[in-house]
Every structure is written in structure tokens, then in C-alpha cells.
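A.B. asks: Starting off with a structure, shown below.
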Amino acid sequence: MLVDIPFIKVVLLRCDVFETTIADERNFNSYAEAKAYADLHSDLVPCIIEL
Numbered sequence: 020m021l022v023d024i025p026f027i028k029v030v031l032l033r034c035d036v037f038e039t040t041i042a043d044e045r046n047f048n049s050y051a052e053a054k055a056y057a058d059l060h061s062d063l064v065p066c067i068i069e070l
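The working numbering applies: residue 20 is where the sequence shown begins, and numbers increase by one.
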């Protein structure tokens, strides 16, 4: 039995001259929550992924 539950992952990237690192990674149940969290971090590059 498949259950269609949205799974949204937010990965915050810290970009530097020589490397890019993952600063934070969190899971959310809705896109609105994920977008609100990503908007809080203006100094990092957000990547919102729906799985």
C-alpha cells in the first residue's frame, strides 16, 4: 500500500571560493514550511527538494 505523503528536504549550502559545504539539512511535511525556513537564511544558498 502506497501512501502519498509529501516529503520536502531543505539543504542549505555555504559557498566559498574553494569549496561548497552543506551548512544544514532539514525535512518538512509541506512546501510552505520548507520555503519559510529557507527564507530565514539569506546568507546561505537554499535548495528545496521534493521527494
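Yeah, the Cβ is synthetic: ideal placement off N, Cα and C, and Gly gets one too.
Please report how far the alpha carbon of residue 63 lies from the alpha carbon of residue 24, in whole angstroms.
C.D. replies: The residue given as residue 63 occupies position 44 in the sequence shown. The residue given as residue 24 occupies position 5 in the sequence shown. So the two alpha carbons sit approximately 28 angstroms from each other.
A.B. asks: Tell me the residue span of the alpha helix (DSSP H) that contains residue 38.
C.D. replies: Position 19 of the sequence shown holds residue 38. First-last for residue 38: undefined, no H or E at that position.
A.B. asks: Please confirm whether residue 27 and residue 61 have their CB atoms less than 8 angstroms apart.
C.D. replies: Along the sequence shown, one-based indexing puts residue 27 at 8. Along the sequence shown, one-based indexing puts residue 61 at 42. Their beta carbons are not under 8 angstroms apart, which means residue 27 does not touch residue 61 by this criterion.
A.B. asks: Are the Cβ atoms of residue 57 and residue 67 separated by less than 8 angstroms?
C.D. replies: Counting from one through the sequence shown, the residue named residue 57 turns up at place 38. Counting from one through the sequence shown, the residue named residue 67 turns up at place 48. Yes. Within cutoff.
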